[in-house]
Amino acid sequence: MTTVTKDVAAPVRRRPRVRAIEGQELALIAVVGLLWVVLSLVTDTFLTTGNLQNILFTVAPIALVGIGMTAVIVTAGIDVSVGSQAAVVMVIVALLVRDSGLPFLPAVAVAVVIGLVLGAVNGLLVAYGGIHPIIVTFGTLNIYRFVSLQIFGTEQVAGVPATLAPIGGGLEGRLLGVPTAWWLTLLLAAGMWCYMRYWATGRHLYAVGGDAFAARLAGVRVRRRQISAYVLTGACVGLAACVLIGSGGLVQQNVGTGLELRVIAAVVIGGTSIIGGRGTVLGTLLGALLVGTVSSAVTLLSWPSELTQLFIGLFILVAVGVDLLRERRRSAR
Amino acid sequence: MTEIETVPPAERTRGEGLAAKVLRIGLTERIVLLAVLLVVVVVWFRVLGAGGYLVAPYDLRYLGNALESMVPFALLAVAELFVIVSGRGGIDLSVGAIVSLAGMVFGFMVGVWGWPLLPSILGCIVVGALLGAVNGALVAYVRFPALIATLATYYAYSSLALISNANAPISTPPVVALHSLTRNVNLPAPLPPVPLHVFTILLPCAVLAWVVLSRSTYGRSLYAVGTNDVAAAYATQSVARTRFTAFVLSGLLSGVVAVVTVGQFASARPDAGIVGNGMALPAITVAVLGGVAIQGGIGRVGGVLVAALLITWLNAGMLLAFPEGAEGSRYQLLALGLVLVLSALLNTLALRRYGRLA
Chain G
1 MTTVTKDVAA PVRRRPRVRA IEGQELALIA VVGLLWVVLS LVTDTFLTTG
51 NLQNILFTVA PIALVGIGMT AVIVTAGIDV SVGSQAAVVM VIVALLVRDS
101 GLPFLPAVAV AVVIGLVLGA VNGLLVAYGG IHPIIVTFGT LNIYRFVSLQ
151 IFGTEQVAGV PATLAPIGGG LEGRLLGVPT AWWLTLLLAA GMWCYMRYWA
201 TGRHLYAVGG DAFAARLAGV RVRRRQISAY VLTGACVGLA ACVLIGSGGL
251 VQQNVGTGLE LRVIAAVVIG GTSIIGGRGT VLGTLLGALL VGTVSSAVTL
301 LSWPSELTQL FIGLFILVAV GVDLLRERRR SAR
Chain P
334 MTEIETVPPA ERTRGEGLAA KVLRIGLTER IVLLAVLLVV VVVWFRVLGA
384 GGYLVAPYDL RYLGNALESM VPFALLAVAE LFVIVSGRGG IDLSVGAIVS
434 LAGMVFGFMV GVWGWPLLPS ILGCIVVGAL LGAVNGALVA YVRFPALIAT
484 LATYYAYSSL ALISNANAPI STPPVVALHS LTRNVNLPAP LPPVPLHVFT
534 ILLPCAVLAW VVLSRSTYGR SLYAVGTNDV AAAYATQSVA RTRFTAFVLS
584 GLLSGVVAVV TVGQFASARP DAGIVGNGMA LPAITVAVLG GVAIQGGIGR
634 VGGVLVAALL ITWLNAGMLL AFPEGAEGSR YQLLALGLVL VLSALLNTLA
684 LRRYGRLA
């Protein structure tokens, strides 16, 4: 993580050793692994294929959106409108699939395009409006929710056919026993990981988040990178919306509420710094997996489901606290 | 990104025409702009009402009643004012969760443990301040980014609020009786009845907040810290303690709002401040509309109060204009979103052009 930032921000004489897995990610793998071992010992239902498939599937939308959100947060931005974006995409695509019989691929394409457009609105406002990202996306959170409710009319969309089931839950949505949505997530995450690590424009995202002014002086097109991060998030939201539609025939008016918080939690737990310049997609996947594991554990241990939120809150505090501690030690050296 | 070129105001204002002067005052004197908008909104809905487009009269009595919903948002917006002014990305996402949790504690004190009213109210406010102190300690002393610290505590507090009574509201008779805290009081003839807590809670809190911000040493210190915390530290201000106190005050105000909402609902609801998009979002919107700059160091109580009044009366009008079920509240979402983005654009414009905003 740091190696990348340093490499971009200042010339380093010796090229640092490229490591695939960094400290925070190792710690997360350990925590998730430990949780899985403990849970499989404590309950006899955790380590069943069905439950693991279920965890992976419920985590997939969070991880998918998290891929884009990682880029946004790395550029020192934030997008709290993803839940409303998902609602807009879901209602439009669900209506098209139900009423005009849109087939699988066009449906996914439409979803991604709508997501791109919604993300572009955020990106343009952030890059050219000079407004703080949280204010922009708080505003569009409301506006997009209005748009989705306006399309919904007065009721939910029921009886959506199973066109999108190949990436939804259930038997059809699996490949080698793993939910297809998760394969999609892994593929996208791998692409993003390579992009952010090896491509110039991908590494510029870190530069923008580290110091936007310095990045501009160094010839980075700061505004373009900002817009691209939000557009990418929109596209990811489009895919996540397809996964969510694929899991059932009903789209309710409150879809996506609270999605933004879960995604941001996953990204932050995954070690991405909220002040920008640091973070990887791999961490986000692990963060999402941790969130999914915890909520599954709370259900299996038959604790009140609201406890999940408490654990997520504590995990955020611990993850960010560890990060702050490391940062302090690093700057003291 | 957002470099603000500070042009000395004197150079801008010298020899300007009338149009330029109007523009400058409109952009930099936020209260003037908001007052004009307020008049526009009221006149517009009066005209709509006269034309028969509204389902009920948009008269003084209705506007007076609408003040009931202004109280929580105005108070929470003032809470955000303290936190945002403190700078370094200060923001408090947890206010809604504090309202929920402190409200539940209040409900237990009054409705289950049978405490008398006054100690319970004090207890509720103290709980709010303590929850705010957790935020403040994390942000000011451990140096968490405010966004993340309050996101985490938002989760934690709302979880505790929901668990505290197994997701059920507390509405025993003593709690239901609290509704009288928010009854209407009759004012002399031309004035409409106004909810009691506008006088007993909103106005005292607003005056206190104004005194603290504009007339106390702490207020000066807060603006100094928010504008430039390095300079403030060299000027022997205790930066961490000032920020910590801002979050404590935000929590304290949220505790006050908890008392108000329990009275309004006649029940302590565990999801009072977090249902839907929660209370933090409208509060931040009102604060930004009221001229609080998200960069910190800028913002006044007066602007926030007028902004809260504007949003309240706009919302009230839209409920009458769209009679069909949820349509009115849907348009409220749109209005809130547009207003937030536009007022933030306005803030940026004012800061860029005149280097100030008030």
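Residue numbers (the working numbering), protein chains in the order written: chain G, 1 to 333; chain P, 334 to 691.
Cβ atoms here follow ideal geometry from the backbone N, Cα and C, with glycine treated the same way.
From a predicted model like this one, the values you see are computed outputs, not experimental measurements.
Worksheet item: Run through DSSP, which three-state label would P:N693 get?
Response: Residue 693 of chain P lies beyond the residue range present for chain P, which begins at 334 and ends at 691; the question has no answer from this structure.
Discussion item. Per the DSSP calculation, P:P521 is bridged to which residue(s)?
Written reply: DSSP lists no partner for P:P521.
Worksheet entry | Cβ neighbours of P:G584 in the same chain (closer than 6 Å, five flanking residues each side left out) | I431, G461, A462, L464 and G465
Worksheet entry | Selected residue, minimal CA-CA separation from G:T154, among G:V160, G:P161 and G:F146 | G:F146
Worksheet item: Who does G:R174 pair with in a DSSP beta bridge?
Response: G:P179
Worksheet item: Since P:F477 meets chain G, which of its residues come closer than 8 Å, beta carbon to beta carbon?
Response: L317, V320, G321 and L324
Discussion item. Using the Cβ count rule (16 or more neighbours within 10 Å means buried), how would you classify G:S100?
Written reply: exposed
Worksheet item: When the distance is taken between beta carbons, is P:L535 closer than 9 Å to P:L407?
Response: Just to set this straight, residue 407 of chain P is Ala in the shown sequence, not Leu. Yes, they are a contact pair.
Worksheet entry | Cβ pair P:N500, P:A601 closer than 9 Å | no
Item to complete: Using 10 angstroms around the beta-carbon of P:E413, count the other beta-carbons present and answer buried if the total reaches 16, otherwise exposed.
Response: buried
Worksheet item: Between the segment 118–151 of chain G and chain P, which residues of the former have CB atoms less than 9 Å from a CB of the latter, in chain order?
Response: L125, V126, A127, G129, G130, I131, H132, I134, I135, V136, F138, G139, T140, L141, N142, I143, Y144, R145, F146, V147, L149 and Q150
Practice prompt. Measuring only between beta-carbons, confirm whether P:A482 sits less than 9 Å from chain G.
Written response: yes
Discussion item. For P:P405, tell me which candidate among P:G623, P:M612, P:F655 and P:L667 has the shortest Cα-Cα distance.
Written reply: P:M612
Worksheet item: Nearest to P:Y570 by alpha carbon, out of P:R553, P:T594 and P:L400?
Response: Checking the sequence shown, residue 570 of chain P turns out to be Gln, not Tyr. Of the candidates P:R553, P:T594 and P:L400, the one whose C-alpha sits nearest the C-alpha of P:Q570 is P:R553.
Worksheet item: Just checking, does the segment 437–452 of chain P make contact with the segment 648–655 of chain P on the three C-beta pairs under 8 Å criterion?
Response: no
Item to complete: Report the partner residues of G:V157 according to the DSSP bridge assignment.
Response: G:V251
Fill in: Distance, P:T560 Cα to P:N680 Cα
16 Å
Worksheet entry | Contacts of P:T681 in chain G (Cβ-Cβ under 8 Å) | G129, G130 and I131
Worksheet item: From P:Q597 to G:A288, what distance separates their C-alpha atoms?
Response: 39 Å
Discussion item. Based on DSSP bridge pairs, tell me the residues matched to P:P656.
Written reply: None, per the DSSP bridge assignment.
Fill in: For G:P133, the three-state DSSP class (helix, strand or coil)
helix
Fill in: Own chain, CB closer than 6 Å to P:P525, minus 5 neighbours either side, in chain order
L393, R394 and G397
Worksheet entry | Cβ separation of P:I424 and P:L480, assumed to be a contact under 8 Å, to the nearest whole Å | 6 Å
Worksheet item: Given a limit of 8 Å on CB to CB distance, which residues of the segment 618–635 of chain P reach chain G?
Response: T618, V621, I627 and Q628
Item to complete: Tell whether a beta-carbon distance below 9 Å holds between G:E25 and G:G283.
Response: yes
Worksheet item: What residues in the segment 493–504 of chain P have a beta carbon less than 8 Å from any beta carbon of chain G?
Response: L493, L495, I496, A499 and N500
Worksheet entry | Any chain P beta carbon closer than 9 Å to G:V294 | no
Discussion item. Quick check: is the beta carbon of P:Y488 nearer than 9 Å to any beta carbon in chain G?
Written reply: yes
Fill in: At least three beta-carbon pairs within less than 8 Å, the segment 118–135 of chain G to the segment 226–246 of chain G
yes
Worksheet item: P:L322 CB to nearest chain G CB: under 9 Å?
Response: Summary: the structure shown does not reach residue 322 of chain P, with chain P confined to residues 334 through 691, and so no result is reported for it.
Discussion item. Nearest by alpha-carbon distance to P:L546: which of P:S402, P:T575, P:Y567 and P:G429 is it?
Written reply: P:T575
Worksheet item: Buried or exposed: P:V355, going by 16 or more other Cβ atoms within 10 Å of its Cβ?
Response: exposed
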